[in-house]
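Below is one structure, written out as structure tokens, with a few remarks after it.
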Amino acid sequence: YILIKQEVDLRNWYTVAFENEYVLIVNKKQGIPVISESKDEVSLINLINKDFKAEYQLCHRIDRNTGGLVIISKKISYTDIIKKAINDRYFNKIYKCIVWGNAENLVGTHKAWLFKDSDKNQVYIYNEKKKYTKEIITVIKKAEYNSVNNTTTLEIDLITGRTHQIRAHLAFLGHFIIGDGKYGINEINRKFDLKYQAL
Numbered sequence: 027y028i029l030i031k032q033e034v035d036l037r038n039w040y041t042v043a044f045e046n047e048y049v050l051i052v053n054k055k056q057g058i059p060v061i062s063e064s065k066d067e068v069s070l071i072n073l074i075n076k077d078f079k080a081e082y083q084l085c086h087r088i089d090r091n092t093g094g095l096v097i098i099s100k101k102i103s104y105t106d107i108i109k110k111a112i113n114d115r116y117f118n119k120i121y122k123c124i125v126w127g128n129a130e131n132l133v134g135t136h137k138a139w140l141f142k143d144s145d146k147n148q149v150y151i152y153n154e155k156k157k158y159t160k161e162i163i164t165v166i167k168k169a170e171y172n173s174v175n176n177t178t179t180l181e182i183d184l185i186t187g188r189t190h191q192i193r194a195h196l197a198f199l200g201h202f203i204i205g206d207g208k209y210g211i212n213e214i215n216r217k218f219d220l221k222y223q224a225l
């Protein structure tokens, strides 16, 4: 959170939060993928390499419609070191989101099993292991309920980082993220008039 305060606005799609000779950390806006999914699609890493006239490399990913900090390696020789530091959890990636309903009782560790349907770009959550599923672990660290609009702000630490994990797991637990058209309830989402999910 300290890094975000140091932002310098360079483009509409991202701002620089921190930079040294090894890494560039940017705050990605919602709506842009970190890496292109097709030949003609604009991505965060493409924009950055164009702006900095460089060949920087992504060290991790966040979903297209999720906003937040993204770590980018400025030196190819350091990319694997940075990725290992992330994978070995030398630091935590903390997410914040707003969900529907009172979710204060969700504080704690939640385990489940996730199946990814690549054709539909959707995942399904189960209480027990099934064929082709992978274990997911989601830790909800804090929860603040707002009774005025019946929403809860959650602070989340991902132990595993599967596709759509936060969105699908919270919906499975009965509290979908506001603005999430895939795993939420559109009738409720329309009341909040959000362009993207509150994540």
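Anchor point for the sequence shown: position 4 equals 30 in the working numbering, and the numbering is continuous, going up by one each time. C-beta atoms are modelled at their ideal positions from N, C-alpha and C, and glycine is treated no differently. These numbers were taken from a predicted model, which means no experiment stands behind them.
Count the other CB atoms within 10 Å of the CB of residue i; is the residue buried (16 or more) or exposed (fewer)?
i      : result
ASP206 : buried
ASN118 : exposed
GLY210 : buried
VAL174 : exposed
THR135 : exposed
VAL68  : exposed
GLY57  : exposed
GLY93  : buried
Does DSSP classify residue i as helix, strand or coil?
i      : result
ASP77  : helix
ALA224 : coil
SER69  : coil
THR92  : coil
GLN191 : helix
THR105 : helix
PHE218 : helix
Considering only their Cβ atoms, is the gap separating residue j from residue i smaller than 8 Å?
i      : j      : result
LYS55  : TRP39  : yes
ALA138 : PHE198 : yes
TYR116 : LYS100 : no
VAL60  : LEU84  : yes
ILE208 : ARG188 : Note that residue 208 is Lys in the sequence shown, not Ile. No, the pair does not count as a contact, with Cβ atoms beyond the cut-off.
GLY127 : ASN176 : yes
THR164 : ILE151 : no
ASN215 : ILE204 : yes
LEU50  : ILE98  : yes
LEU140 : HIS201 : no
Compute the Euclidean distance between the alpha carbons of residue i and residue j, then round it to the nearest angstrom.
i      : j      : result
ILE162 : GLN148 : 15 Å
ILE185 : VAL125 : 20 Å
THR159 : ARG90  : 23 Å
LYS168 : THR179 : 8 Å
LEU225 : ILE108 : 24 Å
TYR121 : LYS79  : 30 Å
Examine the ligand MN and report whether any of its heavy atoms sits within less than 7 Å of the Cβ of residue i.
i      : result
LYS119 : For the structure depicted, the ligand MN is absent and the ligand set is empty, with no information on it obtainable.
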